[in-house]
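Worksheet: the structure to be examined is printed underneath.
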Amino acid sequence: MKQDKLRKDSPASKKVLLGLSGGVDSTASASLLKEQGYEVTAVSLWTWQEEEDPERLERASQSAALLGLPHLILDVRDDFYQNVVGPFVAAWGQGLTPNPCVFCNPNFKFDKMAKLADELGCHYIATGHYARVGRHESDYWLYRASHRRQDQSYFLYRLPADLLERILFPLGGKSKDQARQIASRFGDPVAQARDSQDICFLAKGQLKPFLKKQGLKQEEGPFLNPQGQVVGHHSGAWQFTVGQRRHLGQALGQRMTVLAIDGHKNTVTLGDEDQAMMEAMTLTDCFWPHPPPTSLELELQLRSQGIPHPASVIVTDQGREAGVRFKQAVRFSSPGQSAVFYQGDRILGGGLVAEMTPVSPMRQLATCNFLEKKL
399 MKQDKLRKDS PASKKVLLGL SGGVDSTASA SLLKEQGYEV TAVSLWTWQE
449 EEDPERLERA SQSAALLGLP HLILDVRDDF YQNVVGPFVA AWGQGLTPNP
499 CVFCNPNFKF DKMAKLADEL GCHYIATGHY ARVGRHESDY WLYRASHRRQ
549 DQSYFLYRLP ADLLERILFP LGGKSKDQAR QIASRFGDPV AQARDSQDIC
599 FLAKGQLKPF LKKQGLKQEE GPFLNPQGQV VGHHSGAWQF TVGQRRHLGQ
649 ALGQRMTVLA IDGHKNTVTL GDEDQAMMEA MTLTDCFWPH PPPTSLELEL
699 QLRSQGIPHP ASVIVTDQGR EAGVRFKQAV RFSSPGQSAV FYQGDRILGG
749 GLVAEMTPVS PMRQLATCNF LEKKL
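Residue 721 in our numbering sits at position 323 of the sequence shown, with consecutive numbering throughout.
This is the structure in structure tokens:
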């Protein structure tokens, strides 16, 4: 992979707009950019009020002052609710398990920063994400971070090519320990700042209370077995996610797994754990930074730190949908979650989990026979 630090020869190529939270990663990124000769302006997006760290914006201002950076604060709370929080709540109500970050990053955060960068005459935009941008056959692509443990490329897979050409990820080749060491130059409060939450507007462990507060109601509905028979009742399908095994709300006489959710009918289908294995899946709302081939062999990642699964992919509907067949059986994912295509460390694209094909009885038998021989 070829990576270029300065990709323009104009004066604007030395100017960069950095998203600054005042935490370890963004502060370390600012320091590295300054060391590399960039003219850095910092911006903090005020996205949420109730659940976000009340000291976050103040900490960002303090970090900017320590770094000697101009610092702007954009109040984008209304837009953030309309474009990120609202769709997140609506998806849960439909029985999906959404990941707001994968849409917030390209459609909101980076979009807002790019527009502000244009106004300020900054060619580049930068954040403290652990990912890399590089060239492959003259095009810009997103790559995994050098240190897989910190890699955040999964959350960034929908960044378009025209933005990738402008993005700098100073921490793409750094470990978290290295970032903390860099940030420690600016004092203990910065170096010891806690890491960002998975979902910035949601306190840990507060998903259900948050969704209730946002208007999702507890309404009794049936637990079904795979044959469609009622085996119990729950207080709202939106409180569950496919693949869930714990906290099903009642003793069902045996350990069960959520196999499917119908938010419109308020039903939750339960089954045995071995029924929650798939051999294929369909993805919708696919995104590709560059036009994809009609078929390809790659690895599919279903969670940010998940194991990449070898698979064959057929791209349909002019790139909007994709059919995936796994080389080996894979545990169910949750509809609404992202599945990201990797070829080595390079991201080719991704889409949203729509449908899953359970492992066929013959394949289950072959798998069992294989395991018996191994044992």
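Glycine included, each C-beta is placed from N, C-alpha and C at the ideal position.
- Each residue's CA atom was taken as its position, placing L443 and D670 some 45 angstroms apart.
- The DSSP-derived three-state label of C499 is helix.
- Within the same chain, Cβ atoms closer than 7 angstroms to the Cβ of R454 are found at S419 and G420, the five residues on either side in sequence being excluded.
- Here A674 carries a coil assignment [DSSP, helix/strand/coil].
- In the DSSP assignment, H469 forms a beta bridge with A440.
- With 16 or more neighbouring CB atoms inside 10 Å of its own CB, T439 falls in the buried class.
- Around L554, the same chain offers N503, H527, A529 and L540 as residues with beta carbons nearer than 7 angstroms, after the five sequence neighbours per side are excluded.
- DSSP places L605 outside any beta strand (DSSP E); the residue lies instead in the alpha helix (DSSP H), whose first and last residues are L605 to K611.
- Under the DSSP assignment, M754 falls in the beta strand (DSSP E) whose first and last residues are R744 to P756.
- Rounded to whole angstroms, G417 and G491 show a C-alpha spacing of 32 angstroms.
- CA-CA distance, L514 to F508, rounds to 10 angstroms.
- Secondary structure at T425: helix, using DSSP grouped into helix, strand and coil.
- Boundaries for W636: no alpha helix (DSSP H) harbours it, and the DSSP string shows neither H nor E there.
- C-alpha of C520 to C-alpha of K413: approximately 5 angstroms in a straight line.
- Ranked by how close their Cα comes to the Cα of S710, the residues R701, S702, A727 and Y552 have A727 in first place.
- By the criterion of a C-beta distance shorter than 7 angstroms, L696 is surrounded in its chain by A709, V711, F739, Y740, Q741 and L746, once the five residues flanking it on both sides are discounted.
- With 16 or more other CB atoms across the displayed protein chains lying within 10 angstroms of its CB, Q642 is buried.
- Taking a cut-off of 8 angstroms on C-beta distances, the stretch 686–703 touches the stretch 713–729, as three or more cross pairs fall below it.
- Ranked by how close their Cα comes to the Cα of S633, the residues N623, S424 and L614 have L614 in first place.
- Counting along the chain, G493 sits inside no alpha helix (DSSP H), nor does DSSP assign it H or E at all.
- When beta bridges are read from the DSSP output, F621 appears opposite G630 and V666.
- Between H662 and L700, the alpha-carbon positions lie close to 25 angstroms from each other.
- Taking C-beta separations shorter than 7 angstroms and ignoring five residues to either side along the sequence, the partners of P620 in its chain run V628, H631 and T665, following chain order.
- Apart from the 5 residues on each side of it in sequence, R744 sits with its Cβ closer than 7 angstroms to the Cβ of H534, W539 and Y541 in its chain, given in chain order.
- Distance from the Cα of F501 is smallest, within the candidate group L566, F608, V757 and I597, for I597.
- Per the C-alpha coordinates, the member of A426, P498, E456 and M675 positioned closest to S573 is A426.
- Non-local beta-carbon contacts of V441 in its own chain, meaning distances under 8 angstroms to residues more than five positions away in sequence, involve L415, L416, G417, L418, H469, L470, I471, L472, M511 and L514 in chain order.
- Under the three-state reduction of DSSP output, L514 falls in the helix class.
- H645 and G704 have their alpha carbons spaced roughly 23 angstroms apart.
- Here P708 carries a strand assignment [DSSP, helix/strand/coil].
- Taking the Cα positions, T525 is about 38 angstroms away from D660.
- By a beta-carbon distance limit of 8 angstroms, G749 contacts D683. Their separation comes to about 6 angstroms.
- Distance from V422 to A577 at the Cβ level is roughly 5 angstroms; contact confirmed, criterion being Cβ atoms closer than 8 angstroms.
- Boundaries cannot be given for D549, as no alpha helix (DSSP H) includes it and DSSP labels it neither H nor E.
- Within its own chain, the residues whose Cβ lies closer than 8 angstroms to the Cβ of R718, once the five positions on either side in sequence are excluded, are T682, D683 and C684, listed in chain order.
- Under the three-state reduction of DSSP, A543 is assigned to coil, being neither helix nor strand.
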